[in-house]
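To start, the structure itself, in structure tokens.
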Amino acid sequence: MPELPEAETIVRGLRRTVPGERIRGVDVPHPDVLRASPRAFAARVRGRRIEGVGRRGKNVLLLLDGGRVIAVNLGMTGTLLRFREVPRGGAVPTHPAVRFRFRSGGVLVFDDQRRFGTVEVLEADAWTERQARMGPEPLEDAFTGEGLFRALRASVSPVRSWLLDQRRIAGVGNIYASEALHLAGIHPARRARTVTRREAVRLHEAIRSVLQAAIDHGGTTIRDYRNADGEAGGYGRRLHVYGREGEPCPACGTELRRTVISNRSAYYCPTCQPRRGGGRRP
DNA sequence: AGTGTATCCTGCAGGC
DNA sequence: TGCCTGCAGGATACAC
Numbered sequence: 129m130p131e132l133p134e135a136e137t138i139v140r141g142l143r144r145t146v147p148g149e150r151i152r153g154v155d156v157p158h159p160d161v162l163r164a165s166p167r168a169f170a171a172r173v174r175g176r177r178i179e180g181v182g183r184r185g186k187n188v189l190l191l192l193d194g195g196r197v198i199a200v201n202l203g204m205t206g207t208l209l210r211f212r213e214v215p216r217g218g219a220v221p222t223h224p225a226v227r228f229r230f231r232s233g234g235v236l237v238f239d240d241q242r243r244f245g246t247v248e249v250l251e252a253d254a255w256t257e258r259q260a261r262m263g264p265e266p267l268e269d270a271f272t273g274e275g276l277f278r279a280l281r282a283s284v285s286p287v288r289s290w291l292l293d294q295r296r297i298a299g300v301g302n303i304y305a306s307e308a309l310h311l312a313g314i315h316p317a318r319r320a321r322t323v324t325r326r327e328a329v330r331l332h333e334a335i336r337s338v339l340q341a342a343i344d345h346g347g348t349t350i351r352d353y354r355n356a357d358g359e360a361g362g363y364g365r366r367l368h369v370y371g372r373e374g375e376p377c378p379a380c381g382t383e384l385r386r387t388v389i390s391n392r393s394a395y396y397c398p399t400c401q402p403r404r405g406g407g408r409r410p
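Count along the first sequence from 1, then add 128; that gives the number in the working numbering.
Right under this line is the structure:
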């Protein structure tokens with residue numbers, strides 16, 4: 129998916145134009161992205177005004193008047209595209225799943241090729257409960273190196289799998305997990321509990337700097353990702369290891385490797401990220 | 001309890 | 001050209 133930086137880039141785009149819009153109607157070309165029936169969903173959002181746009185982990189939030197929240201999980205290929213009027217010609221979304229029509233005439237489209245994404249509407253307390261089950265926001269102060277160390281110590285899971293678990297830390301996905309582990313010099317298959325305090329502090333800093341740098345460049349486009357204005361992200365060419373199997377490590381020149389952990393690729397440098405700690409820091 | 005696997009869906013790249 | 005396999009940014013119901 130879109131991970132945290134991509135969701136944040138979408139949110140920043142939407143914030144410029146969406147707050148203040150009132151929802152006139154909803155079309156649902158692909159009801160499988162909703163948890164409810166299209167009819168029930170539409171009834172709960174129709175007539176509501178969007179007061180703000182937010183983010184929690186990889187979820188984009190549309191905050192409605194009266195306290196309801198539309199939570200959009202972007203899945204692997206989802207995005208939210210904003211149009212001033214009903215799109216026609218070249219800018220038409222390729223895989224529209226849900227279309228919000230505003231009274232102003234503008235349109236917000238949830239476009240999702242693979243439809244692993246979801247669009248839900250929740251009452252304020254239900255949303256509070258939901259997000260309480262998610263881990264800390266990595267860019268906020270509540271996320272600390274010491275806290276990360278203590279949490280890692282309690283798990284025997286491979287550290288890469290640990291980082292992908294949204295209940296432990298919110299917003300990190302496969303790209304930035306690989307990038308952060310490389311920056312911190314930690315092999316992705318190491319058991320979380322083997323990460324030392326020193327390494328955890330390094331990993332904490334690596335996660336934050338990688339996510340922030342990706343946000344600064346508008347996120348990473350591997351293939352499908354687009355921001356709210358339909359533009360690709362610019363961080364892809366800055367990736368050090370993700371998708372670069374066989375290329376030289378930018379830190380030491382060793383050939384980068386790909387391995388599979390829990391059915392998903394992890395990219396790493398065997399020199400900078402040895403299985404048993406003590407690697408040089410890139 | 002905590003982990004790993006298979007699965008949802010579409011599309012693309014590479015091998016033959 | 002076409003057919004096949006594998007792989008893809010995520011999350012979750014299961015089996016162990």
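Ideal Cβ placement from N, Cα and C applies to all residues, glycine included.
Taking only the alpha-carbon atoms, compute the straight-line gap between residue i and residue j and give it to the nearest angstrom.
| i | j | result |
| --- | --- | --- |
| E251 | D269 | 27 Å |
| A171 | P159 | 14 Å |
| V226 | D344 | 29 Å |
| P99 | V156 | In the structure as shown, the chain begins at 129 and stops at 410. Residue 99 is therefore absent and cannot be evaluated. |
| V235 | R144 | 14 Å |
| A176 | R242 | First, the residue type needs correcting, since residue 176 is Arg and not Ala in the sequence shown. Looking at the two C-alpha atoms, the distance is approximately 29 Å. |
| T256 | P130 | 23 Å |
| L276 | A334 | 12 Å |
| H315 | P402 | 6 Å |
| W290 | G371 | 20 Å |
| G407 | G313 | Caution is warranted here: a pLDDT of 49 is assigned to G407, below 50, making its placement in the model unreliable, and no coordinate value can be reported. |
| N355 | L208 | 7 Å |
| V178 | G206 | According to the sequence shown, residue 178 is Ile rather than Val. When rounded, the distance between both Cα atoms is 20 Å. |
| P376 | H310 | 13 Å |
| R409 | P221 | Because the pLDDT of R409 is 48, which lies under 50, any placement of that residue in the model is unreliable, and the number read from its coordinates should be weighed accordingly. So the two alpha carbons sit approximately 43 Å from each other. |
| R140 | P286 | 33 Å |
First and last residue of the alpha helix (DSSP H) that includes residue i?
| i | result |
| --- | --- |
| G275 | 273-281 |
| D344 | 325-344 |
| A168 | 166-173 |
| V287 | 287-292 |
Based on Cα-Cα distance, which residue from the options lies nearest to residue i?
| i | options | result |
| --- | --- | --- |
| C380 | C397, M204, A328 | C397 |
| H223 | L209, V235, D239 | D239 |
| L132 | R354, E375, V369, G301 | G301 |
| E274 | H332, V287, L190, C377 | H332 |
| L384 | P221, A341, G374 | G374 |
| G194 | G185, M204, T382, R174 | R174 |
| R392 | L192, R288, V161 | R288 |
Can you pull the DSSP bridge partners for residue i?
| i | result |
| --- | --- |
| Y304 | In the DSSP output, where bridge partners are listed per residue, Y304 has none listed. |
| S393 | V388 |
| L162 | V247 |
| D155 | R227 |
Tell me the residue span of the beta strand (DSSP E) that contains residue i.
| i | result |
| --- | --- |
| I178 | 178-184 |
| V226 | 224-230 |
| D253 | Taken as a continuous stretch (DSSP letters only), D253 belongs to no beta strand (DSSP E), being part of the alpha helix (DSSP H) at 252-260. |
| A356 | Counting along the chain, A356 falls outside any beta strand (DSSP E), and DSSP gives it neither H nor E. |
> Are the region 196-211 and the region 233-249 touching by the rule of at least three beta carbon pairs closer than 8 Å?
Replying inline: Counting Cβ pairs under 8 Å, three or more are found: they touch.
> At a cut of 8 Å, does the region 145-163 reach the region 229-236 through at least three beta carbon pairs?
Replying inline: Yes, the region 145-163 is in contact with the region 229-236.
>> With a threshold of 8 Å, are at least 3 pairs of Cβ atoms found where one atom belongs to the region 259-274 and the other to the region 289-309?
In response: Between the region 259-274 and the region 289-309, the count of C-beta pairs closer than 8 Å reaches three or more; the two stretches touch.
>> Quick test of the definition: if touching needs 3 or more C-beta pairs under 8 Å, does the region 310-328 touch the region 345-364?
In response: Verdict: no, contact absent.
> Should the region 354-367 be called in touch with the region 279-286, which here means at least 3 C-beta pairs below 8 Å?
Replying inline: No: the two stretches stay apart, fewer than three of their Cβ pairs being nearer than 8 Å.
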